[in-house]
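Novice: For reference, the structure I am asking about is given below.
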Amino acid sequence: MFFKRKQKRTEHPAGRDPRVGPSILTSEVVIEGKVMTAGELQIDGTIHGDVRAGALVVDARGIVHGEVIAEEVVVRGRIIGPIRGIHVHIFSGAHVEGDVIHETISIENGAFVEGNIHRADNPLEQYGADEPSRPLLYDDQPAEPLDDRRFRPAGLLRPGSSGAAE
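Just so you know, we're using UniProt numbering here: the sequence shown kicks off at 1 and counts up by one.
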């Protein structure tokens, strides 16, 4: 009554209230489109679209088909698309198909990673954080058609054969 405590006011960046837990997309959730949050996002479901978050966890049943941008990216499930993160952790059993641009990365034995891995001082600004993702190509020239005379259909493999095309 006589002694009132002064409440200390602490400033938190927008969307980063430490009392708020992660947003969780459960396994039955399927989202078509872009998902954005400044906080932590845990994906157990499927997202067909780009994901931007402060921290992202793609759990064992989670699938993302699109670009992922987050300060911290933890992959236990599947990401089909490029990843940009300051700290990227890819665990055993995870499946990543796409380029990974990172400041620090850890990849456990048993993880599947197919794509280029690049280190950058600030991967979140690499290629412009607000620009749409574009594939990392060696050049912007269109592909040349193949000479069809050099290629022919493979033969059928018959049970008990030596493995050579017949």
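Ideal Cβ positions, reconstructed from N, Cα and C, are used throughout, including at glycine.
Here the structure is a predicted model, which means the values were calculated and not measured.
Out of Glu97, Gly93, Asn122, state which residue places its alpha-carbon closest to the alpha-carbon of Gly115.
Specialist: Minimum Cα distance to Gly115 is reached at Glu97.
Novice: If you check the beta carbons only, do Ala120 and Ala94 fall under 7 Å apart?
Specialist: Not a contact, by the Cβ cut-off of 7 Å.
Novice: Can you tell me whether His89 is buried or exposed, with buried defined as 16 or more other CB within 10 angstroms of its CB?
Specialist: Its Cβ being crowded by 16 or more others within 10 Å, His89 is buried.
Novice: What does a CB cutoff of less than 6 Å around Arg52 pick up in its chain, not counting 5 residues either side in sequence?
Specialist: The residues are Met36, Ile69.
Novice: Would you call the CB atoms of Val29 and Gly45 closer than 7 Å?
Specialist: Yes, they are a contact pair.
Novice: I'd like to check one pair, Ile79 with Val100: are the Cβ atoms closer than 7 Å?
Specialist: In this structure, Ile79 does not lie closer than 7 Å to Val100 by Cβ.
Novice: Should Glu40 be labelled buried (16 or more other beta-carbon atoms within 10 Å of its own) or exposed?
Specialist: The residue is buried, with at least 16 neighbouring Cβ atoms inside 10 Å.
Novice: Relative to the C-alpha of Arg76, which candidate in Glu67, Ala60, Gly54 has its C-alpha closest?
Specialist: Comparing Cα-Cα distances from Arg76 to each of Glu67, Ala60, Gly54, the minimum goes to Ala60.
Novice: In chain order, which continuous runs of the beta strand (DSSP E) of length 3 or greater are located wholly inside the region 73 to 116?
Specialist: DSSP runs (the beta strand (DSSP E)) wholly in the region 73 to 116: 78 to 80, 83 to 90, 95 to 97, 100 to 107, 112 to 114.
Novice: Do Gly81 and Glu67 count as a contact pair if the criterion is CB distance below 7 Å?
Specialist: Going by C-beta atoms, Glu67 is nearer than 7 Å to Gly81.
Novice: Where does Gly33 land, buried or exposed, given buried means 16+ other C-beta within 10 angstroms?
Specialist: So Gly33 ends up on the exposed side.
Novice: Does DSSP put Val20 in a helix, a strand or coil?
Specialist: Here Val20 sits in coil by DSSP.
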